[in-house]
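Just so you know, the sequence shown maps onto residues -23 to -1, 1 to 159 in mature numbering (1 follows the signal peptide of the UniProt record, and there is no 0). Have a look at the structure below, then the notes.
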Amino acid sequence: MSKFITFTLVSCVLILVSCSSSTNGFREVSWGSSLDLVKKKEKERGNKDFEEKIDKISDENIIELWYDKIIISGQKTESLEYEFKKEFNGKIYDEPVLVEGTYYFDHNNFDEEVLLKDLKSKYGKGQKKINYMDDPYYEWISGKTQIQYWPDPYDPFLSYNHISEDSHPEKDSNENGEDTGL
């Protein structure tokens, strides 16, 4: 009987983990989180030093939170930027909410193959695309998150963006058979 209970508990845990595998946030913080919550989570990771900027050029009043030298895929980044807005997807919030996160890499101290291997392992094959200026990039959709890696020869970056459910109406599946929204 105890083996049956153990088996049932393990099965439930595995099901819960697989159901929550889609990305609905950035660095373990949900989209729509507050500036204070993100600061708290980064502080828990040991990242206490940051720079807060307010973009007053645009009418969107974007608040940026910057951290230096964050590790991703075993590699040190130049910087990490969180972006917060008070207005997003047609909704107005009382305080700015998290809508984007971007890692910036130093092209001299960065192994693109390692990063792409990790991204493909986590999100599937994805799609290689080209923007209007003929710049190539890779894109994945996971849950409410659009992931884009831009392999710029001078300033490569990896961006995670909050998207609404209807932003990508076409459906496809990645090589793991998971719905990517592509």
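Ideal placement from N, C-alpha and C gives every residue a C-beta, glycine not left out.
Could you tell me which of the options sits nearest to residue i, measuring between CA atoms?
i      : options                         : result
Glu29  : Lys99, Lys68 and Pro73          : Pro73
Phe87  : Val6, Ile47, Tyr100 and Thr122  : Ile47
Asp32  : Glu21, Glu58 and Gln125         : Glu58
Ile140 : Ile49, Leu75 and Asp111         : Leu75
Leu42  : Lys18, Gln52 and Gly51          : Lys18
Leu135 : Glu21, Lys102, Gly103 and Leu92 : Leu92
Gly103 : Ile124, Arg4 and Arg22          : Ile124
Trp8   : Ser98, Asn38, Asp111 and Lys63  : Lys63
Return yes when the C-beta of residue i is under 7 Å from any heavy atom of the ligand ATP, and no when it is not.
i      : result
Lys121 : In the structure shown, the ligand ATP is absent, as is every other ligand, since no ligand is present at all.
When you compare only the Cα positions, how much space is there between residue i and residue j?
i           : j      : result
Ser10       : Glu116 : 24 Å
Lys68       : Tyr81  : 29 Å
residue 182 : Gly2   : The shown model of the chain, from -23 to 159, leaves out residue 182, and the question about it has no answer.
residue 160 : Lys25  : With the chain represented from -23 up to 159, any question about residue 160 goes unanswered, as that position is not in the structure.
Lys121      : Lys20  : 25 Å
Lys53       : Arg4   : 15 Å
Trp127      : Lys16  : 26 Å
Tyr100      : Tyr137 : 12 Å
Ser98       : Tyr109 : 28 Å
Gly12       : Asn38  : Reading off the sequence, residue 12 comes out as Leu, not Gly. The straight-line gap from Cα to Cα measures roughly 14 Å.
How many whole angstroms separate the CB atoms of residue i and residue j, which I take to be in contact at a CB cut-off of 8 Å?
i     : j     : result
Phe61 : Ile40 : 4 Å
Under 6 Å Cβ to Cβ from residue i, same chain only, skipping five residues before and after it: list those, please.
i      : result
Leu96  : none
Pro113 : Ile107
Lys105 : Tyr115
Asp45  : Ser56
Ile49  : Tyr80
Per DSSP, residue i forms a beta bridge with which residues?
i      : result
Glu28  : Trp43
Pro113 : Ile107
Phe61  : Ile40 and Leu75
Ile118 : Gln123
His139 : Thr122
Gly2   : Ser7
Lys68  : Phe65
Lys17  : DSSP lists no partner for Lys17.
Ser56  : Asp45 and Tyr81
Considering only residues of the same chain and omitting the five flanking positions on each side of residue i, which have a CB-CB separation below 8 Å?
i     : result
His84 : Asp129, Pro130, Tyr131, Asp132 and Pro133
Glu89 : Pro128 and Pro133
Phe27 : Lys16, Glu19, Leu42, Trp43 and Tyr44
Within its chain, find whatever has a CB closer than 7 Å to the CB of residue i; leave out the 5 residues flanking it on each side and keep chain order.
i       : result
Gly51   : Val91
Ser(-2) : Interpretation of Ser(-2) is limited by its pLDDT of 46, a score under 50 that renders its predicted location unreliable; the figure taken from the coordinates is listed afterwards. Here the set comprises Ser119 and Gly120.
Val6    : Leu14, Val15, Lys18 and Leu75
Shorter than 8 Å from the beta carbon of residue i to some beta carbon of chain C?
i     : result
Ile47 : Going by chain labels, chain C is absent from the structure shown, which holds only one protein chain.
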